[in-house]
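Q: Here the protein sequences come in this chain order: A and B. In terms of the numbering used here, the first sequence opens at residue 11 and continues consecutively. In terms of the numbering used here, the second sequence opens at residue 14 and continues consecutively.
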Amino acid sequence: MALELKSSDNKIFEVEELVAVQSETIKSLVEDGCADNVIPLPNVDSKTLELVLDWCKNHVDMKLDEEKLKEYEDKFIEVDQAVLYDLLLAANYLNIKDLLNRACQKVADMLKGKTPEQIRETLNIVNDFSPEEEEEIRKENLWAFEE
Amino acid sequence: MKRQRIETDERESRERQRIERAEIAKRRNVSSETCLSPVRQNAQTNTDDYKDIISSLPDSLLTHILFFLPIRDSVSTSILSSRWRPLWTLVPVLDLNQAGLVERCNEEKNEKFKFVDIASRIVALRNAISNPIPPLHKLCICWYYNCHPFYVDTWLRATNIRDLRDLDLQLLTSPHQPMELPRTLYFSTSLVVLKLGYAIHLNPPSAFVLPCLRILLLNCVTFANRDSLSTILNACPVLLDLSLCVVDRYLNILNEFNVIVLVATLKRLHLCWSVQPSSKYRFQINTPALEYLHFRGYLNADDVLENLPNVVESVIQIKDCDRINDHAKRAWDFVGKLCNVISMELSTVTAQILCHGSNHENSPTFRNLSSLKFCGDIWHEWYAWHAVRLLLCRAPELQTLVFERSIFLGSNLDNPNPCLEGPLDVPECMSSHVTTCLYEGFKGVENEMELVRQILKAARVLKTMKITSHIDLDPRNKPSVRKKLRKFQRSSRNCQIAFDKGHFT
C-alpha cells in the first residue's frame with residue numbers, strides 16, 4: 011500500500027506504507043485512519059524528507075543484515091552541520107527513534123573530547139557569560155575542566 | 014444540516030490559512046522551489062550576528078544529544094553559554110564509573126580529584142541547578158577501588174528515586190561496611206532493572222512488591238538471613254531475567270541459606286554457584302517458563318532442578334570436584350532435565366565429567382538438539398573424540414557442531430579418561446544430520462588434528478568444515494597444517510573445508 015507525503019515546499023513523495031510507518035507520527039495517522047489523502051508535513055522540506063525516506067527504505071531492506079546496515083548508517087550520517095540539524099529536527103517531528111539517536115550521537119561525537127572554546131567554535135555558540143560568571147561555573151565543576 | 018455547516022466552516026478556515034501562508038511567504042520573498050527549513054532560514058538571515066544553528070534546537074533535543082556524551086563532557090557543556098548551563102542536569106541518566114572519571118583508579122590518593130569527590134559534586138549539583146529536580150530514570154555507579162559504600166548510600170538517599178527505572182550498583186573491593194538499600198527502593202513502582210554487586214547487604218522488608226521489575230542481577234552480595242533471597246524473588250510478579258552469583262565465602266555468616274527460585278514468569282536464568290558440595294547451601298529451581306539457562310558451578314546431591322521443559326538454549330559449565338563418579342551421575346541428572354534443548358554449550362570440563370558417568374542408566378536423549386558447542390581449554394591431555402562421540406550419540410538430529418578454545422573455563426580433569434576402551438560406533442547424527450562443523454582457536458596440535466580427522470571421516474552429509482586458527486598459531490606453520498587437513502579422508506563428497514581465509518573442496 012502506498013502513502014503520499016507532502017513536504018513543506020509542496021513536493022509530493024509516494025512511499026510504501028511499510029517504509030513510512032517507521033515514523034511513529036505517520037504510523038499513528040495510518041492507525042487512526044487519517045492517511046487516505048496526502049499527508050502534509052509542514053515542518054520538513056523536500057531535501058530533508060528525501061534523505062529521511064532513504065533512511066527508512068534502507069532500514070526495511072537491510073533489516074536482517076546488521077553489518078550492511080551499520081555501514082549504511084555511518085555513511086548516511088556524514089553530512090554537514092546544517093543538514094544534520096535538519097535531520098535531527100525531522101527525526102524528532104516524525105518520531106523516528108533510530109534516526110534521531112544516530113543523528114544525536116553524531117553531534118555528540120563532534121563535541122567529545124573538545125575544550126569549551128573548541129566546541130563554541132565548532133558550533134558557533136555565543137558565550138554570553140561575564141568573565142566572573144564563567145569563572146564561577148569553572149569552579150563549580152573544576153574536576154571536569156582539568157586537563 | 015449541522016454537519017454541512019461544520020464542513021463549510023472547516024473549508025473556509027483552511028482557505029483563510031492558505032491565504033495567510035501565501036502572504037507570509039510573499040513577505041519573506043521566498044519562492045516555493047527554494048523553501049528553506051527554519052534552521053537554515055535563521056542562519057541565512059542573521060549572517061552578521063553568526064547565530065549558532067545548534068541553539069535553535071529545542072532543549073529536549075539538546076538534552077538528547079548530551080545523553081550520548083560521557084558525564085565529564087556533558088558537565089563541561091555547562092560553561093558554553095547561559096542556555097547550556099543547566100542542560101546536562103536534564104539528562105535522565107547518570108553513569109558514574111570510576112574508571113571513566115579517574116585517570117588511575119588504583120593510585121587514587123595521588124589524584125587531585127578522587128571518585129568520591131567527583132561523584133558527590135555531580136549528585137549535589139544535579140539536585141541544585143534545575144528547579145524542580147529533573148527526574149532520574151537510570152543510575153549506574155561502578156566503584157572499583159577504595160569503595161566507600163556509605164557514600165553511595167548517601168547519594169542514593171539524596172536522589173529522587175520516584176521515577177527510577179534502572180539501578181546498577183557495583184561496589185567492589187571495599188574494606189568498609191557494606192551498604193543497605195533504602196527502604197523506599199523496595200516499594201518502587203517504576204523500577205524495571207535492578208543490578209547489585211558486592212558491598213551491598215540485602216535486608217528486605219518482610220512484605221513488599223516490585224510490580225515492574227523485569228531484570229534482577231545479584232552478584233556476590235550478602236543477605237541478612239536464609240530467606241532473604243526468597244523474599245525478594247516472591248516480590249517480583251513479572252520477573253523475566255535473573256542472574257545470581259553466589260559464592261559460599263560471602264555466605265559464611267549464615268548457617269543456612271536457601272536459593273529457591275520458584276518464579277513462574279522467569280525466562281532467563283544465569284546461576285553462578287561457587288558453593289562447594291561439602292557446604293550446607295543448596296539451590297532449588299522450579300521455573301516452568303524458562304527458555305535460557307546458564308549454569309556455572311558445583312553440583313550437590315541435594316540441589317534440585319525441575320520443571321524445565323521449555324529451555325531451548327543452555328550453557329553448562331560444571332566445575333570439577335572430588336568423588337568424580339557421584340559428580341558425574343549428578344551431572345547427567347542435571348543435563349537430563351534439559352532434554353528439549355535446541356542449542357547447548359558445554360564446557361570441556363563438563364564433557365569430561367559426563368564421560369565418567371557414561372554408563373548411567375537414564376542418560377537422556379536430546380531429540381531437539383540442533384546445535385552443540387564445546388568450549389574450553391580443549392584437548393590438552395585427553396582423547397577428545399570419545400567425549401564428543403558420547404554426547405553426539407544422544408543427539409540424533411544434530412546439525413551444527415562447534416568447538417571453541419577458551420582459557421577461562423577451568424583446566425582439565427585430573428582423573429584419566431575412562432572412555433579409552435571399547436569400540437567406536439559412529440553416532441547416528443554424524444551419518445545423517447551434521448552439516449556444519451566450526452572450530453575456533455585451532456592450534457594444529459595432535460589431539461585437535463585427530464579430532465578433525467575423525468569428524469571428517471564420520472560425517473557423511475557434512476557441507477562445511479570451517480576452521481579458524483588461534484592467534485598463537487605461527488603463520489609459518491599454516492601451510493603445513495593446511496596440507497595435512499587436505500589429506501584427511503572425507504566421507505562427504507560435497508564437503509568444503511575452510512581454513513582461515515582459504516577454501517578448498
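No residue lacks a Cβ here, since even glycine has one placed at the ideal position from N, Cα and C.
#1: Under the assumption that B:Ile154 contacts B:Leu109 (Cβ atoms under 8 Å), give the Cβ distance between them as a whole number of angstroms.
#2: Going along the chain, which residues of its own chain have a beta-carbon closer than 7 Å to the beta-carbon of B:Asp485, five neighbours each way excluded?
#3: Sorted by chain position, which residues of the same chain lie with C-beta nearer than 6 Å to B:Ile480's C-beta, five sequence neighbours on each side aside?
#4: Closer than 7 Å by C-beta to B:Arg41: which residues in its own chain qualify, once you throw out the five before and the five after it? Chain order, please.
#5: Would you mind giving the Cβ-Cβ distance between B:Ser519 and B:Asn216, rounded to the nearest angstrom? I have them listed as a contact below 8 Å.
#6: For A:Phe139, which residues of its own chain have a beta-carbon under 8 Å away from its beta-carbon, when the five flanking residues on both sides are left out?
#7: How is B:Ala220 classed by DSSP in three states: helix, strand or coil?
#8: Which residues in chain B have a C-beta closer than 8 Å to the C-beta of A:Cys114? List them in chain order.
#9: Kindly provide the ranges of any alpha helix (DSSP H) runs that are 4 or more residues long and lie completely inside the stretch 405-486 of chain B, ordered along the chain.
#10: Would you mind sorting B:Glu461 into buried or exposed? The rule is 16 or more other CB atoms within 10 Å of its CB.
#11: Let me know if B:Pro250 comes out buried or exposed under the rule of 16 or more other beta-carbons within 10 Å of its beta-carbon.
#12: Determine whether the Cβ of A:Trp153 lies closer than 7 Å to any Cβ atom of chain B.
#13: What do you get for B:Cys368, buried or exposed, if any count of 16 or more other CB atoms within 10 angstroms of its CB means buried?
#14: Against B:Phe126, what residues of chain A qualify as contacts under a CB-to-CB distance less than 9 Å, listed in chain order?
#15: According to a CB-to-CB cut-off of less than 7 Å, which residues of the stretch 484-505 of chain B neighbour chain A?
#16: Examine chain B for any beta-carbon lying closer than 7 Å to the beta-carbon of A:Ala101, and answer yes or no.
#17: Enumerate in chain order the residues of its own chain whose CB-to-CB distance from A:Lys116 is below 8 Å, with the five nearest sequence positions on each side excluded.
#18: DSSP on B:Met357, reduced to helix/strand/coil?
#19: Give a yes or no on whether the C-beta atoms belonging to B:Val447 and B:Ala408 are separated by under 7 Å.
#20: Taking Cβ to Cβ, would you say A:Tyr82 is nearer than 7 Å to A:Asn105?
#21: Are the beta-carbon atoms belonging to B:Pro440 and B:Cys388 less than 7 Å from one another?
#22: What are the residues of the stretch 124-153 of chain A that lie near chain B, defined by any Cβ-Cβ distance shorter than 7 Å?
#23: The beta strand (DSSP E) with B:Asp254 in it runs from where to where?
#24: Does the beta carbon of A:Ile22 come closer than 7 Å to any beta carbon on chain B?
#25: For a contact defined as C-beta to C-beta under 8 Å, what are the partners of B:Ile66 on chain A?
#26: Comparing C-alpha positions only, which one of B:Glu121, B:Pro162, B:Val129, B:Phe80 sits nearest to A:Lys122?
#27: Please name the residues in the stretch 91-119 of chain B whose beta-carbon is closer than 9 Å to at least one beta-carbon of chain A, in chain order.
#28: Since B:Phe128 and B:Trp156 are thought to touch, with beta carbons under 8 Å apart, how far apart are those beta carbons, to the nearest angstrom?
#29: Does B:Arg178 come within less than 7 Å of chain A when only Cβ atoms are used?
#30: Hey, would you say B:Leu93 sits closer than 7 Å to A:Pro126, going by beta carbons?
#31: Can you check whether the C-beta of B:Lys514 is within less than 7 Å of a C-beta belonging to chain A?
#32: So, is the C-beta of A:Val48 closer than 7 Å to a C-beta in chain B?
#33: How would you call B:Phe421, buried or exposed, if buried means at least 16 neighbouring beta carbons within 10 angstroms?
#34: Are the C-beta of A:Lys37 and some C-beta of chain B separated by less than 7 Å?
#35: Is there a Cβ from chain B that is less than 7 Å from the Cβ of A:Lys122?
#36: Do you know offhand how far B:Leu246's Cα is from B:Ala302's?
A: Checking against the coordinates, here is how it stands:
#1: With a Cβ gap of about 5 Å, B:Ile154 and B:Leu109 count as contacting.
#2: Cβ within range, chain order: Lys456.
#3: Sequence-distant partners of B:Ile480 (beyond 5 residues in either direction) whose C-beta falls short of 6 Å from its own C-beta, in its chain, are Tyr452, Phe455, Phe512.
#4: Confidence is the limiting factor: at B:Arg41 the pLDDT is only 49, short of 50, which leaves the residue's position unreliable, though a coordinate-based value still follows. So the list is empty, once near-sequence residues are dropped.
#5: Outside the shown range of chain B (14 to 518) lies residue 519 of chain B, about which nothing can therefore be said.
#6: Counting only Cβ-Cβ distances below 8 Å, and skipping sequence neighbours, we find Ile147.
#7: Judged by DSSP in its simplified three-state form, B:Ala220 adopts coil rather than helix or strand.
#8: Contacts between A:Cys114 and chain B, judged by CB atoms closer than 8 Å, involve Leu74, His77, Ile78, Phe80, Phe81 in chain order.
#9: Inside the stretch 405-486 of chain B, DSSP marks whole alpha helix (DSSP H) runs of 4 or more residues at positions 441-445, 459-471, from first to last along the chain.
#10: Label assigned to B:Glu461: buried.
#11: Result: exposed.
#12: True, the Cβ-Cβ gap to chain B drops below 7 Å.
#13: By the 10 Å Cβ count, B:Cys368 comes out buried.
#14: In chain order, Leu152, Trp153, Glu156 make up the part of chain A whose C-beta sits under 9 Å from the C-beta of B:Phe126.
#15: Those would be none; no residue qualifies.
#16: It does not: the Cβ of A:Ala101 has no partner Cβ on chain B nearer than 7 Å.
#17: Ile87, Leu94, listed in sequence order.
#18: Assigned with DSSP and collapsed to three states, B:Met357 falls in strand.
#19: For B:Val447 and B:Ala408, no; Cβs fall outside 7 Å.
#20: With a cutoff of 7 Å on beta-carbon distance, A:Tyr82 and A:Asn105 are scored as not near each other.
#21: Against a cut-off of 7 Å, the Cβ pair of B:Cys388 and B:Pro440 comes out as no contact.
#22: Per Cβ criterion, the list reads Pro126, Ile129, Arg130, Leu133, Asn134, Ile135, Val136, Asn137, Asp138, Phe139, Glu144, Ile147, Arg148, Glu150, Asn151, Trp153.
#23: Element bounds for B:Asp254: 254-260.
#24: Taking Cβ atoms only, chain B never reaches closer than 7 Å to A:Ile22, which makes this a no.
#25: The contacting residues are Gln91, Ala92, Tyr95, Leu133, Asn134.
#26: Cα-wise, what sits closest to A:Lys122 is B:Phe80.
#27: Going along the stretch 91-119 of chain B in chain order, one finds Ser91, Ile92, Leu93, Ser94, Ser95, Arg96, Trp97, Arg98, Leu114 with a Cβ nearer than 9 Å to chain A.
#28: Indeed they touch by this definition, with Cβ atoms about 6 Å apart.
#29: The Cβ of B:Arg178 sits no closer than 7 Å to any Cβ of chain A.
#30: Yes. Within cutoff.
#31: Interface annotation, B:Lys514: not in contact with chain A, CB-CB separation never under 7 Å.
#32: Not one chain B Cβ lies under 7 Å of A:Val48.
#33: So B:Phe421 counts as exposed.
#34: So, not an interface residue.
#35: So, interface residue.
#36: In this structure, the CA atom of B:Leu246 is about 15 Å from the CA atom of B:Ala302.
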